[in-house]
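One line per chain: the protein sequences are B, X and H, in this order.
Position in the first sequence (first residue = 1) + 1 = my numbering.
Position in the second sequence (first residue = 1) + 1 = my numbering.
Position in the third sequence (first residue = 1) + 1 = my numbering.
Every residue, glycine too, gets a C-beta built ideally from N, C-alpha and C.
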Amino acid sequence: MSAPRRTLSELAEHVGGSVVGDGGVEIQRVASIEEAGAGDITFLAHPRYRAHLAACQASAIIVGPDLPEELPGVSRRNFLRVRQPYTAFAEILNLFSPQPQYDGRVSPQASIDPSAVLGDDVTVFPYVYVGKGVKVGRGTVLFPGVFLGDGVEVGEECRLHPQVTVREGCRVGNRVILHAGVVIGSDGFGYAGEGRERMKIPQVGIVEIEDDVEIGANTTIDRATLGRTIIRRGAKIDNLVQIAHNVVVGEDSIIAAQTGIAGSTRIGREVILAGQVGVVNHIEIGDRARIGPKSGIPRSVPPGALLSGAVAAAPHHEWIKVMTLLPNLAKLWSDVRRLERKVAELARRSGKGVKGHARRKGDL
Amino acid sequence: MSAPRRTLSELAEHVGGSVVGDGGVEIQRVASIEEAGAGDITFLAHPRYRAHLAACQASAIIVGPDLPEELPGVSRRNFLRVRQPYTAFAEILNLFSPQPQYDGRVSPQASIDPSAVLGDDVTVFPYVYVGKGVKVGRGTVLFPGVFLGDGVEVGEECRLHPQVTVREGCRVGNRVILHAGVVIGSDGFGYAGEGRERMKIPQVGIVEIEDDVEIGANTTIDRATLGRTIIRRGAKIDNLVQIAHNVVVGEDSIIAAQTGIAGSTRIGREVILAGQVGVVNHIEIGDRARIGPKSGIPRSVPPGALLSGAVAAAPHHEWIKVMTLLPNLAKLWSDVRRLERKVAELARRSGKGVKGHARRKGDL
Amino acid sequence: MSAPRRTLSELAEHVGGSVVGDGGVEIQRVASIEEAGAGDITFLAHPRYRAHLAACQASAIIVGPDLPEELPGVSRRNFLRVRQPYTAFAEILNLFSPQPQYDGRVSPQASIDPSAVLGDDVTVFPYVYVGKGVKVGRGTVLFPGVFLGDGVEVGEECRLHPQVTVREGCRVGNRVILHAGVVIGSDGFGYAGEGRERMKIPQVGIVEIEDDVEIGANTTIDRATLGRTIIRRGAKIDNLVQIAHNVVVGEDSIIAAQTGIAGSTRIGREVILAGQVGVVNHIEIGDRARIGPKSGIPRSVPPGALLSGAVAAAPHHEWIKVMTLLPNLAKLWSDVRRLERKVAELARRSGKGVKGHARRKGDL
Chain B
2 MSAPRRTLSE
12 LAEHVGGSVV
22 GDGGVEIQRV
32 ASIEEAGAGD
42 ITFLAHPRYR
52 AHLAACQASA
62 IIVGPDLPEE
72 LPGVSRRNFL
82 RVRQPYTAFA
92 EILNLFSPQP
102 QYDGRVSPQA
112 SIDPSAVLGD
122 DVTVFPYVYV
132 GKGVKVGRGT
142 VLFPGVFLGD
152 GVEVGEECRL
162 HPQVTVREGC
172 RVGNRVILHA
182 GVVIGSDGFG
192 YAGEGRERMK
202 IPQVGIVEIE
212 DDVEIGANTT
222 IDRATLGRTI
232 IRRGAKIDNL
242 VQIAHNVVVG
252 EDSIIAAQTG
262 IAGSTRIGRE
272 VILAGQVGVV
282 NHIEIGDRAR
292 IGPKSGIPRS
302 VPPGALLSGA
312 VAAAPHHEWI
322 KVMTLLPNLA
332 KLWSDVRRLE
342 RKVAELARRS
352 GKGVKGHARR
362 KGDL
Chain X
2 MSAPRRTLSE
12 LAEHVGGSVV
22 GDGGVEIQRV
32 ASIEEAGAGD
42 ITFLAHPRYR
52 AHLAACQASA
62 IIVGPDLPEE
72 LPGVSRRNFL
82 RVRQPYTAFA
92 EILNLFSPQP
102 QYDGRVSPQA
112 SIDPSAVLGD
122 DVTVFPYVYV
132 GKGVKVGRGT
142 VLFPGVFLGD
152 GVEVGEECRL
162 HPQVTVREGC
172 RVGNRVILHA
182 GVVIGSDGFG
192 YAGEGRERMK
202 IPQVGIVEIE
212 DDVEIGANTT
222 IDRATLGRTI
232 IRRGAKIDNL
242 VQIAHNVVVG
252 EDSIIAAQTG
262 IAGSTRIGRE
272 VILAGQVGVV
282 NHIEIGDRAR
292 IGPKSGIPRS
302 VPPGALLSGA
312 VAAAPHHEWI
322 KVMTLLPNLA
332 KLWSDVRRLE
342 RKVAELARRS
352 GKGVKGHARR
362 KGDL
Chain H
2 MSAPRRTLSE
12 LAEHVGGSVV
22 GDGGVEIQRV
32 ASIEEAGAGD
42 ITFLAHPRYR
52 AHLAACQASA
62 IIVGPDLPEE
72 LPGVSRRNFL
82 RVRQPYTAFA
92 EILNLFSPQP
102 QYDGRVSPQA
112 SIDPSAVLGD
122 DVTVFPYVYV
132 GKGVKVGRGT
142 VLFPGVFLGD
152 GVEVGEECRL
162 HPQVTVREGC
172 RVGNRVILHA
182 GVVIGSDGFG
192 YAGEGRERMK
202 IPQVGIVEIE
212 DDVEIGANTT
222 IDRATLGRTI
232 IRRGAKIDNL
242 VQIAHNVVVG
252 EDSIIAAQTG
262 IAGSTRIGRE
272 VILAGQVGVV
282 NHIEIGDRAR
292 IGPKSGIPRS
302 VPPGALLSGA
312 VAAAPHHEWI
322 KVMTLLPNLA
332 KLWSDVRRLE
342 RKVAELARRS
352 GKGVKGHARR
362 KGDL
């Protein structure tokens, strides 16, 4: 399959942008700014790569509305000018990276319960297990080792990568991507009682994943105790994330790698949780809130909040001192308050002294 | 399989509680307080759901010894009053959620070494691999993709969910639940020497998991370098937890999601580690210690201690200032000490001044 | 297979050390200092185990250049004295722990594309899937459930443990160990646009893993957007680590469990990242830098730096106070600065007063 070729003008039309330079130049690949050469289109992913621009041999560069006029040799270059360079980059990359084709066949080395219903063009690789009453929508691909428990429903055009587990009764929408090793519907972590008398609370709810969700490798999403754990339309979840029982993740929210959300917490829509965040149970994160990396979230967060909680690492020998003192912050605080009172008293006395002095002067 | 029905009185007898209201009402389901309707029993999982009680249509509500007399319409409702509402909830949920039945058959699509010994009623799904000399106890279920390395022993009535790996020589007790993607017996992370000369230290020990342990999805437990990594009876471990080589987790301890325990550390009994905790190597966490979420534990913890270490996220623009200042806490500390000395000196001087003034007065 | 036996002198010769005591004593096992008995050699892994030495029944003990002369009964013991006790321990453990042998057979229950090329002595267990055009080098072992996507290349003498996924086009060097559940080449987490218009950026790059790398259980390494995510020769990565798209991990670097590295960040050579560290995207960690556990790394780190950022957990009731005050650190800081100014003013006044007093005195 030879790579498609497009002129820069064709690409501009495709993404709704304009050409600055030679629109007839042929493009056949997208490449990073360090690696791009003749025939490649590239883009400025981040201002800090601007230094690479001078040496860049790309045939064209995707830029935003503000053409970097001051660039060396800018007049000799070809630009594709667009409103949203990152989106244009994604669209052009899609153009040059056609989706892999699947043969729509069910491997005889897969194990499919006779009661399961597979739609048209479903591809099932070897070693896939499909339980009783499972439904799989048109065009979905089940890679090797995928497990669909009894009663699972998976929508159309999904990609379930190798070793994905979807346990009994869970539901997956359309165009959902589950990366390798994802576990959907494991038991929530719930016990009653203490010590030797502790008993497991049955986890009889399900997980429901709506359309256009993508979930990263080895992420785990627990089934609800009762009812549903819900991942709403368009949410994107990174690798190694933990979503506990009865959590709701809102539409179009983004959860970066290694973040954990404890039970029954509700994440609003278009929320962004950076990596390694921890959110306690039974709270709400408001719509469009954004939480910085490594933050701990102990209570509900209002819509639109921008919170941070990460401690930046410091030189070890300095940090040791800080860590020794931090538990004494309350003492330091009260020491300062005490000092304030003393200084106020001294100032008062000193002022009285001055006045007194004046008075003494007056006494003379 | 139609849902069983019980009268509220029967449920009260089952859990050792008493009925307030109509004991003859029929219950056929357990539901959350938001979703419960006629025929459902529900319970107050958390005081913050109390607001839902007024509108709740459940046929009965599980409550503790203190009946919420002040509730609107309390006289028209049916209550199941118990000492431990959460435990009663779990018991009733168990009653209405019968365990799934397995057929006790060994799939011809599984790969079982002839030297392996399977007990009665062991269910083996397709694509399970069972190595040489493996023993599996009565009633255990091995879901698709389970791997049992050579010499592994698994006890009775266990559930090994899809894609679970138990590597060579490891031992698993009775009634153990290993959720999907769990890895037991991966090599500990041990090397000798530095740089290019670094060499891997063979990890020739095992993991031993005692009875009634439950381990969450995609959690990893490394084999010992020498000897055993041990998870003792009744311990409950959540998803994505890391247990390093030669760790011992004590009886009935609870470890929440994404927590990590470094090598050779010993966790006592009935310890609770919240989510995203990190514990360094070669230390001891005393019995019944409780550690808050996201805490770092750099040294041994005495029995019964209650520790926290999480930093609560704050508004980003404020947090930036705090983070800039935190590494200077030692300077702030010494500044305050210096101020204290100065103020004491001023107070002394001011006092001397007063005394001097008095003396000068006396001089007159 | 009976355990090999060696005299202590033979072991000394093997590791380049010297015997103190009886070189003729026979050793047949390596054991921990708590468990070692007759026939065992042990070693002092950590000074805190020194207390065990008095009661230790081992036939020999590996020690460093400084023989612990002061030990009780030291004259009756046998020592193997070496420059690097830990390395000698690893070498002797290797000697007594012969590598498991694999039969070099390809299971008929594996699924191997006819276009794949397997080298000599490659062992393929059941339920392995090998895609189109895959190449696997001599002596490599693919355990049950391993998935090699189309075009994957794996070198010689590798061990790919159960349920490992290597997605299309990725490359793995020689003598690489991938532990159970590792995912190589999952899509990077990249989207353009916002809310409902958000679109997935195709991730068309690969992961390249060089020789002698070891990667821990359930760790995930994302493929590059364009180009390569690279793990360089000799790097060792622990369990449940997240490596994002386009990251480069340098030679012989060590990354402990549950650490996460965000996109396009470059980790130098011989860097050590402890457990649960988080590193932001688009930065560089210099060669031989060492980062303490749980640290957050928000900006580039120079070579050789030694950084820490973990907060040690404290008693809960004290920590609550600290956490309430920490967001007010900026206020405390400015309060102290204000106090400093006031005290300076008071000191000036007080000094003037004294001088004024003197002057007044002089006036008299």
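Span of the beta strand (DSSP E), counted from its first residue to its last, around residue i
i	result
S187(H)	184-187
I202(B)	Run containing I202(B): none; DSSP gives neither H nor E here.
F144(X)	No beta strand (DSSP E) holds F144(X); DSSP gives it neither H nor E.
S10(X)	Counting along the chain, S10(X) falls outside any beta strand (DSSP E), though it belongs to the alpha helix (DSSP H) covering 9-16.
L81(H)	80-82
L241(H)	Per DSSP, L241(H) belongs to no beta strand (DSSP E) and is neither H nor E.
T325(B)	From DSSP, T325(B) is part of no beta strand (DSSP E) but of the alpha helix (DSSP H) over 317-326.
I284(X)	That residue, I284(X), is in no beta strand (DSSP E); it is neither H nor E in DSSP.
T43(H)	41-44
D212(H)	Per DSSP, D212(H) belongs to no beta strand (DSSP E) and is neither H nor E.
D223(B)	221-223
L308(B)	307-309
R229(X)	229-232
I62(X)	61-64
Spatial distance of residue i from residue j (CA atoms)
i	j	result
F126(X)	G206(X)	29 Å
T325(H)	H318(X)	17 Å
N175(X)	I231(X)	15 Å
A348(B)	L347(H)	7 Å
V107(H)	E271(H)	38 Å
L219(B)	A89(X)	Rather than Leu, the amino acid found at residue 219(B) in this sequence is Asn. Taking the straight line joining both Cα atoms gives about 34 Å.
R360(X)	A345(B)	The pLDDT assigned to R360(X) is 33, lower than 50, so where the model puts this residue is not dependable; a value taken from the coordinates is nonetheless given after this. Distance between the alpha carbons of R360(X) and A345(B): 25 Å.
A56(X)	A39(X)	12 Å
A311(H)	I262(H)	17 Å
Y87(X)	D336(H)	49 Å
L241(B)	V142(H)	26 Å
G279(B)	E285(B)	13 Å
R339(H)	E36(B)	55 Å
V321(H)	I298(B)	It is worth fixing the name first, because residue 321(H) is Ile in this sequence and not Val. I321(H) and I298(B): Cα-Cα distance of roughly 14 Å.
V248(B)	T266(B)	5 Å
P203(B)	S98(X)	7 Å
F148(X)	V208(H)	26 Å
L227(B)	L227(H)	43 Å
V155(X)	I210(X)	9 Å
Cβ-Cβ separation, residue j to residue i (assumed contact under 8 Å), whole Å
i	j	result
V214(X)	V177(X)	5 Å
G150(B)	R172(B)	Their Cβ separation, rounded to whole angstroms, is 12 Å, which puts G150(B) and R172(B) out of contact at 8 Å.
G18(B)	L81(B)	5 Å
Residue i - containing alpha helix (DSSP H), residue span
i	result
L97(H)	For the record, residue 97(H) in the displayed sequence is Phe; it is not Leu. Start and end: 86-97.
Self-check item: Residues of the region 288-319 of chain X whose Cβ lies closer than 9 Å to any Cβ of chain H, in chain order
Solution: R291, I292, G293, K295, S296, G297, I298, P299, R300, V302, A306, L307, L308, S309, G310, A311, V312, A313, A315, P316, E319
Exercise. Name, going along the chain, the residues of the region 169-197 of chain X whose beta-carbon falls closer than 7 Å to a beta-carbon of chain B.
Key: H180, A181, G182
Exercise. Mind the definition here: the region 50-64 of chain B touches the region 252-263 of chain H only if three or more C-beta pairs lie below 8 Å; say whether that holds.
Key: no
Quiz item: Which residues, in order along the region 7-37 of chain B, keep a beta-carbon less than 7 Å from a beta-carbon of chain H?
Solution: V31, A32, S33, E36
Quiz prompt | Validate contact between the region 325-334 of chain X and the region 302-310 of chain X using beta carbons, cut 8 Å, 3 pairs | solution = no
Quiz item: Just by C-beta distance, which residues in the region 239-255 of chain H are closer than 9 Å to chain X?
Solution: D239, N240, L241, E252, D253, I255
Quiz item: When you check each C-beta in the region 255-274 of chain B against every C-beta of chain H, which residues fall closer than 9 Å?
Solution: I255, A257, A258, Q259, R270, E271
Quiz item: Looking at chain X, which residues of the region 128-148 of chain B have a Cβ within less than 8 Å of any of its Cβ atoms?
Solution: Y128, Y130, G146, F148
Quiz item: Is it a yes or a no for the region 184-204 of chain X touching the region 223-239 of chain H, going by three-plus beta-carbon pairs under 8 Å?
Solution: yes
Practice problem: Examine the Cβ distances between the region 130-146 of chain B and the region 101-120 of chain B and report whether three or more of them are shorter than 8 Å. | Solution: yes
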